[in-house]
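Everything on this sheet refers to the single structure shown next.
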Amino acid sequence: MTFSITKDFHFSASHVLLGLPEGHQCGRLHGHNYVLRIALAGESLMSQGFLFDYGDLAPIKAMVDDVLDHRHLNDWMDANPTAENLAYAVARVAPTILSLPEGVEVAVGVSETPKTWAWWTP
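Using our numbering, the first residue of the sequence shown is number 20, and each one after it goes up by one.
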């Protein structure tokens, strides 16, 4: 049996996607009101009955507020700032700023619009 939890973080940011055909709307400077969803999964719970304490996700909130919110994503990311690459970049950072219990894995979803999601999962 696998347990999982998720928490959403909201931020606004701009980006320009590179390498698109002339006239593609995403090739122009534009912004989104993003939803970043952190999903944690594991097979065992801590003694308190948590997979992970939601309050211990505060470093993700701080990173979102300090690094992503009201920023230009092209300045932060080495890769083209697509939703897929943003999900991957956050998923790579998350284990370095969270004290995850043994066996807990991180997946990250990014929504640029209410109808779209991109995910990175281990």
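The beta carbon of each residue, even a glycine, is placed where N, CA and C say it ideally should be.
Q. Are at least three pairs of beta-carbons, each pair with one atom in the stretch 121-130 and one in the stretch 46-65, less than 8 angstroms apart?
A. Short answer: they touch.
Q. Just how far apart, CA to CA, sit residue 77 and residue 99?
A. Straight across, the Cα-Cα distance linking residue 77 with residue 99 is about 27 angstroms.
Q: List the DSSP bridge partners of residue 53.
A: 30
(Q) Contact between the stretch 87-99 and the stretch 65-73 is defined here as three or more beta-carbon pairs at a separation below 8 angstroms; is this criterion met? (A) Segments in contact, no.
Q.
Could you tell me the alpha carbon to alpha carbon distance between residue 122 and residue 80, rounded to whole angstroms?
A. 22 angstroms
Q. How should residue 43 be labelled, buried or exposed, when 16 other C-beta atoms within 10 angstroms of its C-beta is the threshold for buried?
A. exposed
Q: Return yes when the Cβ of residue 85 is within less than 8 angstroms of the Cβ of residue 31, no when it is not.
A: Between residue 31 and residue 85, the C-beta spacing is not below 8 angstroms.
Q) DSSP on residue 98, reduced to helix/strand/coil? A) coil
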